[in-house]
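Contents: one structure, followed by commentary.
Residue numbers (our numbering), protein chains in the order written: chain B, 18 to 465; chain E, 1185 to 1911.
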């Protein structure tokens, strides 16, 4: 019997040796020094940044990589790598939503609230209140906290904001005899709807054939919030008291009618339904377009600000695009802990917090320190009364095929292509956008 | 197992394992090679499939541009804006994201009304497209990163271009028509982007230009900061089988090739490259982590090991089955041989005394009436009696063996006196042993004198053992029978009987089969010793049946020790002399005529019995079968018969039935007449059957005359006795 046991043991040992089952494998993620190797995926859309405190940083990639490296160097509880992944705004869905529950899922997201807010309702975004110290809370503008909270919890960390208005090429205004509408310096103007119509008609009539008066596009959802601003031109507030879209109101239909008429009147480049915002951006930067969106950050669009004028959207409307951070729960508490440590480090380190100066900082301290160096900061501040909340804290705004942003632009494209009347467009927008909101409310799950 | 055979066994096992290990190592090596070869074939096939799909898509894109070019020619656009608007509309109905017209001066007119002029692009934000067609290329495809727009809107495109001849718009000569497609349109033609296992990718496919630039990203989702040059990635890794220069050379030669390298994270990978068709300056590249290979070969290896184990198990089981079958066959042959030998022995053993009996009878018949030979005749009669008893014991042994093997022995569990039992053995064997010049010693150390058990069967076992000792212990030797006890608890005790002799001893081979039936040690000394060869087998079966244990230790020419351990319940002590006295009292012969009805179908037996009984003063009436016995009793006067001797097996009506009929008769003595069963069937169930049919007691055939008389004496006194029922 003993011999038989020996035989079995020897055979098992031989089999194990041959099949390699005895090979020791170091657990993945464990470093030789006893610290855990942790990679935090930080995603952000590629955007320009104006950083007055550090002119070397000209885009969000450079900003995030520098903070990430600095954080990793000083963090002691683990060997952290902040893996910064930049994506094109048009690839938001494939870069964020489609990576959920994969190894490529973001742990931290930095981008505009208009995209980020929708993720809060997926239940994947963790509340950040436990990492916000009293000092951090006191340093950020109260209004910023208000738009960062849902159901009393802070899900987004406000970093900077941008005010969206329109920029126009004064040279074309002057060449078309519209000198009287040119504003002084960097003042943000407001024109009546009659003035708007006159200006656009005048430009259309007098500009060279290959130069077009106003940016307009409907090919995809990029820049759709700017288009929404036009719907407020005649007094529509877009949302009703219940937070649903109310675009069949006379004011909204009048705005849609006005927008559609611009196609025939030559206000836009031909077939704007086939254009996207970036096309108009290029047209403006190559001086083929007179009026385009402006937020102070997109410096590549213009050469010298003194050659341009600034005006609120028709209806005296401006919008605000806060940018900030979200942390996602991907089932790894260690990663959430480290991600929060990263944000706290960023907000408690003046060097990094001050990189928000260039746009409009959310930090009171930074705003005060760099007030004189931030482009048009005082003008934007003076214009704050015209800023509207274009999102209305709506769920399902972004990130799914049935989101508001996914269903909004096809109706605008149809309107611009003349495939629908303004009334039909309004009805379609109401139906589809409200269905998106209803779906979002139904699916909404908040991480506690 | 002897030490030498142990070493041999272990060496054989080690050698076997070594051979198995070598075989498996070779097998796994071959398996790895085969898996790698198959994987490479698979990779090649998949790569070719995806590559052809991409090539077809590229051809389709070029064809689409050709169609557009023809339509543009037919439109005869008079202005750039008109051409741009046409392009805008064409683009909206095509798979392209952008349509460009490349003028011969390098300017680019777009479907989005933007005009790029590389000559005036001071910010160097645009790729100069003219070089793509500088060598007269008619069809171009390339990756093209659009980095010129507002941040956040950068895109990665695949650029398709076709050369234009004699195409002018507003006096501007156009060199090429260009379509830009989102890079994902190419990626959609790659069906295999990974070797997935447990949701983790083991590889991916991509397309690189011969300059090393990734045409499509290495991730499904493209990240703007991740696009890199393949050669940079290769340089960052280690242990590459090919250098960057060698890879470039192979690409320049349009070779299909593969090699391994270890990436910057230490992951070993296989890179497989296959070129696109001639006019496409791209390579299709498939990257597979080595673990995808090892995992696959491991799966085969594990499967193989399992299969091998199953085969070995089945083979072992078959071998065991064959061995068992062979063993059973050998045993059957041995048993048959043993039985044959036994029958031969039995024949010999039976014929020998029969021969003696016949011979003695012949001698005695010839000497009848010769007073000179009277002493001689008496001696022959004693020998004849002894020989008959031997024959009886032989038959009894065979019957016992048969019953024990069939498991039909019913043990009696009644109080017994251990010391008395040993004394009985001593009494029975003392003369036999001491007459051989052997000393017989009995040692007793009894804690509980009275225990429950079957004294008859225990005596049978001990008689066998001591009898054997007597047979095999030469003159001058000694036999010691000792008895001791060990209490197991308050109510139980194990009685250990030990018989040690200084006899011949036994060989090891014989010890191994001493308890087998039909076995008997044959040697020069014992051949002369009478025996059936069943004694020890019977003893073993009896001890087993009693829940005990029997062991033997022996050494040739030194002696043998048998140890019998019997567990039993402690019984209340009773004085044996009381019952014996009573029995003796009842055994007093009354000395008055007693009338016996004897039912016996065998004439000889009937005659013998009648003679014996008549000689002893009994009046005997003979009935030839049960029916006649019943009739005779029925016809008799009440109380005429004192005893009925009833043979069990008779024609017309058997003994049991006759007894029952007699008991059922309506006469006063039907219930009281003493009926003794007389039968050669000596088993307990026979006795039980006799009692159940109303008979008082049992007499075993061949009838022991002294026992018969004793029973008749008791029977005539109206007291049934069990004395003599020992068979």
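All C-beta atoms, glycine included, are put in the ideal place defined by N, C-alpha and C. Keep in mind it's a predicted model, so treat the numbers as computed, not measured.
Query                                                                                                                       : Result
Residue 1415 (chain E): first and last residue of the uninterrupted alpha helix (DSSP H) it sits in                         : 1414-1420
Among B:339, B:60 and B:238, nearest to residue 418 (chain B) - alpha-carbon criterion                                      : B:238
CB contact below 8 Å: residue 1203 (chain E) versus chain B                                                                 : no
Pair within 8 Å by beta-carbon distance, residue 1544 (chain E) and residue 1521 (chain E)                                  : no
CA-to-CA distance, residue 329 (chain B) to residue 200 (chain B), given in whole angstroms                                 : 12 Å
Min CB distance residue 428 (chain B) to chain E below 8 Å                                                                  : no
Cβ separation of residue 424 (chain B) and residue 411 (chain B), assumed to be a contact under 8 Å, to the nearest whole Å : Contact doesn't hold; Cβ gap of about 13 Å is too wide.
Paired residues, beta bridge with residue 1357 (chain E) - DSSP                                                             : E:1352
Neighbouring residues, chain B, relative to residue 1275 (chain E) (Cβ below 7 Å)                                           : 291
8 Å Cβ cut-off: residues of chain B touching residue 1263 (chain E)                                                         : 226
Chain B contact residues for residue 1272 (chain E), given Cβ-Cβ distances below 7 Å                                        : 287, 288 and 291
For residue 1851 (chain E), the three-state DSSP class (helix, strand or coil)                                              : coil
Within 8 Å, strictly: CB atoms of residue 272 (chain B) and residue 250 (chain B)                                           : yes
Pairwise C-alpha distance: residue 1326 (chain E) and residue 404 (chain B)                                                 : 45 Å
Interface flag, residue 98 (chain B) vs chain E, CB-CB below 8 Å                                                            : no
Option in B:61, B:59 and B:288 with minimal Cα separation from residue 1277 (chain E)                                       : B:288
Status (buried if at least 16 other CB within 10 Å, exposed otherwise) for residue 1855 (chain E)                           : exposed
Bridge partner(s) assigned by DSSP for residue 1677 (chain E)                                                               : E:1671 and E:1752
As assigned by DSSP and simplified to three states, the class of residue 157 (chain B)                                      : strand
Residue 1431 (chain E) and residue 1454 (chain E) closer than 8 Å at C-beta                                                 : no
Chain E contact residues for residue 303 (chain B), given Cβ-Cβ distances below 7 Å                                         : 1298 and 1299
Extent of the continuous alpha helix (DSSP H) run through residue 239 (chain B)                                             : No alpha helix (DSSP H) holds residue 239 (chain B); DSSP gives it neither H nor E.
CB-CB length for residue 127 (chain B) against residue 340 (chain B), believed under 8 Å                                    : 7 Å
Buried versus exposed call for residue 1373 (chain E) [16 or more other C-beta atoms within 10 Å across all chains shown]   : buried
Among B:64, B:117 and B:240, nearest to residue 376 (chain B) - alpha-carbon criterion                                      : B:64
Test item: CB-CB of residue 369 (chain B) and residue 363 (chain B) under 8 Å                                               : yes
Short CB-CB distance (under 8 Å) between residue 269 (chain B) and chain E                                                  : no
Residue 303 (chain B) beta carbon less than 8 Å from that of residue 1298 (chain E)                                         : yes
is_contact[residue 1339 (chain E), chain B] using C-beta, thresh 8 Å                                                        : yes
Any chain B beta carbon closer than 8 Å to residue 1189 (chain E)                                                           : no
Three-state secondary structure assigned by DSSP to residue 265 (chain B)                                                   : coil
Residue 1578 (chain E) beta carbon less than 8 Å from that of residue 1642 (chain E)                                        : no
Cβ distance (whole Å) where residue 1249 (chain E) is taken to contact residue 1361 (chain E) below 8 Å                     : 5 Å
Any C-beta of chain E under 8 Å from that of residue 374 (chain B)                                                          : no
Endpoints, alpha helix (DSSP H) assigned at residue 1470 (chain E)                                                          : Where residue 1470 (chain E) is concerned, there is no enclosing alpha helix (DSSP H), although the beta strand (DSSP E) it sits in stretches over 1466-1473.
Residues sharing a beta bridge with residue 1623 (chain E), DSSP                                                            : E:1662
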